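Here the protein sequences line up with chains D and S, keeping their order. According to my numbering, the first sequence holds residues 1 to 219 in order. According to my numbering, the second sequence holds residues 220 to 438 in order. Ideal placement from N, C-alpha and C gives every residue a C-beta, glycine not left out. Note that the structure is a prediction, hence the values are computed from the model and not measured. Down below is the structure, laid out as structure tokens.
Number of protein chains: 2
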Amino acid sequence: MEKYIEILEKCPLFEGVKREDLLRMLSCLGARVASFDKRYTIFAEGRPLRAIGIVLSGSVQVERVDIYGNRSILTKVHPTELFGEAFACAGVEAMPVSIVASEPCEIMLINCDHILHTCSNNCGFHQQLIYNLMKDLARKTLQIHQKLEVTSKKTTRDKLMEYLMIMAKKNGSNSFDIPYDRQELADYLEVDRSGLSAEISKLRQEGVLESRKKRFVLL
Amino acid sequence: MEKYIEILEKCPLFEGVKREDLLRMLSCLGARVASFDKRYTIFAEGRPLRAIGIVLSGSVQVERVDIYGNRSILTKVHPTELFGEAFACAGVEAMPVSIVASEPCEIMLINCDHILHTCSNNCGFHQQLIYNLMKDLARKTLQIHQKLEVTSKKTTRDKLMEYLMIMAKKNGSNSFDIPYDRQELADYLEVDRSGLSAEISKLRQEGVLESRKKRFVLL
DNA sequence: GAAAGTATGTTGAATTTTCAACAAAATGGA
DNA sequence: TCCATTTTGTTGAAAATTCAACATACTTTC
């Protein structure tokens, strides 16, 4: 576990936890680490989820595929970030989404009960973890609202521009990389990929932006 | 405050709190009650929110209106339910949504800091409240996912049917009332109202459903 | 109970999206 | 380097949505 300390220190779940307490804490929580190949479905829609995941390396996507095969991407989760908190905490019997490895990745899994309920050793840090978890759930809600703000726009162009503006603001620059390739971006924006490509070309011609793969520059 | 005890007992924030402790708790939390007329904007988008709201009577809607005047409804909040938890807990400086009275309503407001931080009286119930708040945030996340599942469908028909199926399941019956009128339903589904009316008519002709105002029957 | 106001339904034209098929460019291995 | 694969861009036709305008039904208020 030692090799993950650097990442875990930056994880919102462990905010305010001292470095020297982390290892002991992890063993008390029954934390375990697993690796997954690209495209592997780590947790499948429709099944219960008891554990919270922390991305240690690589990345995962929270997504759903409907009966027609249309994929909808909710978010991409990067190292130090959590996923599945809401489903694990709420004790849902059927996850509404799947968790899929978007790159080869290492994931730390912690059973949610171990966080929520005081352990037999009566460690004092559970309250801190619950507080952190709550803060994280609040932040996640904001994140979803951001996606809703994007997808609630009517046209492909408006959705794309709203998304790019948010990304520019987040990066503090008009020039930035997005985490999605074209198909993924289309699935995040809930639009057709070819239509999205066409729209990007148009915006380029109009001089609104420059783009090359995942790099965008707003003009 | 006594007259609200019945409602507050059922509020998820006070789950596990004894009836006789409630009143004392409320005064410690600095709870206050306010009334609003229909259509009044209780909290406006873009402003900070420090307080959590509990609907005591009537109802409010969480919504956003973009620069073109398109309204997007996120959810309707009914008596005993909370709103604004995520924004207050995360300490956001600019709310991404507005809270609007959809009927004349009475709202209890509790400053979020009073819940999150132990008070000078050192009451023992803060931990319980934080735990309840966390559970509620988790449930709210699921609720938003449900909306995302609905709006991620491509056509008006699919969005509507997905929504009605969810409502039927929630009510445990093929015959149920929805909380929205046509315009509100269109704004929740993120579609055009007249197109929605047309689609409902078509479904009626096809014998898929019956409907009259807010009442629907799936056949 | 009539009038005014609000909500819902209907229609057709303009706009936009989706879909399928293919071309071009980039990537990753052998 | 070359080949196979994946990703991205392009296009046109079909389908769906939006928009505006109006008809009808229902509510509310005086």
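Classify residue i as buried or exposed, calling it buried when 16 or more other Cβ atoms lie within 10 Å of its own Cβ.
i: S/Lys-372; result: buried
i: S/Gly-272; result: buried
i: D/Gln-61; result: buried
i: S/Met-327; result: buried
i: S/Arg-238; result: exposed
i: D/Glu-85; result: buried
i: D/Ser-102; result: buried
i: S/Tyr-287; result: exposed
i: S/Thr-294; result: buried
i: S/Lys-229; result: exposed
i: S/Met-220; result: exposed
i: D/Tyr-40; result: exposed
i: D/Lys-213; result: exposed
i: D/Ala-138; result: buried
i: D/Gly-58; result: buried
i: D/Ala-44; result: exposed
i: D/Ser-72; result: buried
i: D/Glu-184; result: buried
i: S/Ala-417; result: exposed
i: D/Asp-136; result: buried
From the DSSP output, which residues share a beta bridge with residue i?
i: S/Val-311; result: Looking at the DSSP assignment, S/Val-311 forms no beta bridge with any residue, so it has no partner.
i: D/Gly-53; result: D/Phe-83, D/Leu-109
i: D/Ala-101; result: D/Val-60
i: S/Thr-294; result: S/Val-281
i: D/Asp-177; result: D/Arg-215
i: D/Pro-36; result: It is worth fixing the name first, because residue 36 of chain D is Phe in this sequence and not Pro. D/Cys-105.
i: D/Phe-43; result: D/Ile-99
i: S/Leu-428; result: S/Leu-437
Measuring only the C-alpha atoms, how far is residue i from residue j?
i: D/Leu-148; j: S/Leu-367; result: 8 Å
i: S/Gly-249; j: S/Asn-390; result: 36 Å
i: S/Thr-375; j: S/Pro-298; result: 30 Å
i: S/Gly-414; j: S/Val-436; result: 20 Å
i: S/Gln-346; j: S/His-333; result: 12 Å
i: D/Glu-63; j: D/Ala-186; result: 13 Å
i: S/Arg-243; j: S/Glu-234; result: 15 Å
i: S/Val-319; j: S/Thr-370; result: 21 Å
i: S/Leu-379; j: S/Leu-408; result: 7 Å
i: D/Leu-223; j: S/Tyr-399; result: Residue 223 of chain D is absent from the structure shown; chain D starts at 1 and stops at 219.
i: D/Lys-169; j: D/Tyr-4; result: 30 Å
i: D/Leu-22; j: D/Leu-129; result: 12 Å
i: S/Ile-385; j: D/Glu-6; result: 43 Å
i: D/Val-65; j: S/Pro-231; result: 32 Å
i: D/Met-134; j: S/Val-427; result: 43 Å
i: S/Thr-301; j: S/Val-274; result: The sequence given here places Leu at residue 301 of chain S; Thr does not occur at that position. Cα to Cα, the separation comes out at about 6 Å.
i: D/Leu-203; j: D/Ser-211; result: 10 Å
i: D/Ile-26; j: D/Leu-116; result: Residue identity check: residue 26 of chain D is Leu in the sequence provided, not Ile. Rounded to the nearest angstrom, the two C-alpha atoms are 14 Å apart.
i: S/Pro-323; j: D/Ile-200; result: 46 Å
i: S/Cys-247; j: S/Leu-227; result: 15 Å
i: D/Tyr-131; j: S/Arg-412; result: 42 Å
i: S/Met-393; j: D/Phe-87; result: Looking at the sequence provided, one finds Asn at residue 393 of chain S rather than Met. Roughly 27 Å between the two C-alpha positions.
i: S/Leu-383; j: S/Glu-425; result: 16 Å
i: D/Gln-146; j: S/Glu-381; result: 23 Å
i: D/Asp-158; j: D/Arg-215; result: 19 Å
i: S/Asp-396; j: D/Asn-70; result: 30 Å
i: D/Cys-112; j: S/Glu-325; result: 36 Å
i: D/Phe-125; j: S/Val-296; result: 34 Å
Segment contact, 8 Å Cβ cut-off, at least three pairs: the stretch 355–369 of chain S with the stretch 252–263 of chain S: no
Contact between the stretch 257–271 of chain S and the stretch 314–329 of chain S (3+ Cβ pairs under 8 Å): Segments in contact, yes.
Residues in the stretch 340–366 of chain S having any Cβ partner in chain D nearer than 8 Å: Gln-346, Ile-349, Tyr-350, Leu-352, Met-353, Lys-354, Leu-356, Ala-357, Arg-358, Lys-359, Thr-360, Leu-361, Ile-363, His-364, Gln-365, Lys-366
Contacting positions in the stretch 22–52 of chain D - beta carbon closer than 7 Å to chain S: Residues: none.
Residues of the stretch 276–296 of chain S with Cβ closer than 9 Å to any Cβ of chain D, in chain order: Arg-283, Asp-285, Tyr-287, Asn-289, Ser-291, Leu-293
Residues in the stretch 401–412 of chain S having any Cβ partner in chain D nearer than 7 Å: The residues in question are Glu-409.
Chain D contacts made by the stretch 309–326 of chain S, where a contact means CB separation under 8 Å: Ala-309, Val-311, Pro-315, Val-316
Chain S contacts from the stretch 153–178 of chain D (Cβ-Cβ distance under 8 Å): Lys-153, Lys-154
Residues from the stretch 415–438 of chain S in contact with chain D, defined by Cβ distance under 9 Å: none
Interface residues of the stretch 2–19 of chain D facing chain S [CB-CB below 9 Å]: none
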